[in-house]
Structure formats: C-alpha cells, structure tokens
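First up is the structure itself, then whatever we jot down about it.
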Amino acid sequence: MFESKQSSPEIIARFDEMFERRYPSTTAESAALLDRIGAASRAENRAAAAQLVGIGELFAYRLSRCGETEEWAIDTMEAVAA
C-alpha cells in the first residue's frame, strides 16, 4: 500500500511552487509596500482625528456664544453644521 519510493526533484519543485503561490514568502519589496500602506493608514487616521478635534472645538465655541439658549443643544448642532 505504501511504497518507500523517494520523491523526484520535479515533484518537490512542484510542491514548492504550489506552497509559494498559496503562502508567498516575505520579500523586501512586499515588506516596503506593507509599510507604505500602514503609513498611509496612520496619516489618514491622524487627519480624521484632527477633523474631529476641529468639529469639537467649533461646537464648544458656538456653545459658548449661544447665551440664553445654552440648554438647546440642537441649535448649537445646527449652528456647527451650517
């Protein structure tokens, strides 16, 4: 049933190629591309955070100027959105 036959170099090469396609090894180029993608994502996250900080500051500024209607939160939100 199980023959003790050694694998030929062609079969081993074919399996190596199949595994390389399925699980590609890390290269300097692929690592650099992943680093670039990560850096772009971090920059995008920092920009989104800066935008949210600006929105919060504008909301606080408009809230401080609304005087007698300070309990009317929707008016401040409308003023920020405008």
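Using the numbering used here, the first residue of the sequence shown is number 79, and each one after it goes up by one.
Beta carbons are placed, not taken as given, at the ideal position from N, Cα and C, and that holds for glycine.
Between the alpha carbons of residue i and residue j, how many angstroms are there, rounded?
i	j	result
MET79	GLU107	Below a pLDDT of 50, predicted positions are generally treated as unreliable, and MET79, at 49, falls in that range; no measurement from the model is reported.
ALA127	ALA121	10 Å
ALA110	THR104	10 Å
LEU112	LEU130	27 Å
ARG124	CYS144	30 Å
ALA117	SER86	45 Å
Exercise. Tell me the start and end of each unbroken beta strand (DSSP E) in the stretch 106 to 139 that is at least 3 residues and wholly inside, in chain order.
Key: none
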